[in-house]
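Trainee: Can you read through this structure? Questions will come right after.
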Amino acid sequence: MTHVLSFPGFRVLASTHWEDLSEAGQTCFTLGDPKHGVGALQFSTALYRSGAAPHISLSGLRRMREDFERSRRLEEPFDLIEKVEPLMAVVGSYHYGGDFLRVWFVSDGLNAILATYVCAWPDRDVEADECLRIVGSIQFVSDKQVS
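Numbering (our numbering), first residue to last: 2 to 148.
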């Protein structure tokens with residue numbers, strides 16, 4: 002069974018045992034399974050409000066991932082994915098110290114989300130499918146549509 006989790010500017014579908022673990026007042030949003038989970042999935046948003054449209058492209062998302070890697074001095078990524086439908090996405094995975102880190106940059110051309118999943122390296126496959134489903138379900142919505 003799944004349920005909708007809504008946040009300012011976007012929503013996702015997640016298994017019912019995944020919950021919003023965000024603290025009040027945070028500008029990023031954290032999901033996880035508080036009883037049996039092994040990691041955390043976090044979302045940071047850049048939402049278009051007004052003015053000149055940003056026209057975010059796949060190559061722009063790729064540069065964002067590369068900048069993310071450089072700024073954190075990450076090793077070479079693996080499991081690289083790029084797609085354009087239904088939303089553009091650039092994905093990379095990393096062995097980060099003793100942890101597994103997966104990074105998604107997702108956009109509809111106007112809005113963007115950085116989603117990160119972190120868990121212990123040995124647990125990297127435990128929640129992988131659920132994270133893919135959640136991030137794959139991202140829908141950007143205007144503030145008036147969020148419920």
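Using N, Cα and C, we set each Cβ at its ideal position, and we do this for glycine too.
Going by the CB atoms, is the gap between residue 114 and residue 82 shorter than 8 Å?
Mentor: In the sequence shown, the residue the question calls residue 82 occupies position 81. In the sequence shown, the residue the question calls residue 114 occupies position 113. No, these two residues do not count as a Cβ contact at 8 Å.
Trainee: Quick one: Cα of residue 68 to Cα of residue 62, how far?
Mentor: Position 67 of the sequence shown holds residue 68. Position 61 of the sequence shown holds residue 62. Roughly 10 Å between the two C-alpha positions.
Trainee: Whose CA, out of 2, 126, 102 and 52, lies closest to the CA of residue 43?
Mentor: Residue numbering aside, residue 43 sits at position 42 when the sequence shown is read from its first letter. Closest option to residue 43, Cα to Cα, is 102.
Trainee: Which of the three DSSP states is assigned to residue 129 in this structure?
Mentor: Counted from its first residue, the sequence shown places residue 129 at position 128. Looking at residue 129 - three-state DSSP - the assignment turns out to be helix.
Trainee: Within the continuous beta strand (DSSP E) that includes residue 60, where are the two ends?
Mentor: Counting from one through the sequence shown, the residue named residue 60 turns up at place 59. Taken as a continuous stretch (DSSP letters only), residue 60 belongs to no beta strand (DSSP E), being part of the alpha helix (DSSP H) at 59 to 73.
Trainee: Among the residues of its own chain, which have a CB less than 6 Å from the CB of residue 88, if the five just before and after it don't count?
Mentor: The residue labelled residue 88 in the question sits at position 87 within the sequence shown. Correct list, in chain order: 107 and 109.
Trainee: Within the same chain, show all residues whose beta-carbon is closer than 7 Å to that of residue 142, passing over the 5 residues directly before and after it, in chain order.
Mentor: Position 141 of the sequence shown, counted from the first residue, corresponds to residue 142. Answer for residue 142: 10, 11 and 12, listed in chain order.
Trainee: Is residue 66 buried or exposed, if buried means 16 or more other CB atoms sit within 10 Å of its CB?
Mentor: Working through the sequence shown from its first residue, we reach residue 66 at position 65. So residue 66 ends up on the buried side.
Trainee: Excluding the 5 residues preceding and the 5 following residue 124 in the sequence, name in chain order all residues of the same chain whose CB lies nearer than 8 Å to its CB.
Mentor: Residue 124 sits at position 123 when you count from the first residue of the sequence shown. Only 39, 40 and 101 meet the Cβ criterion.
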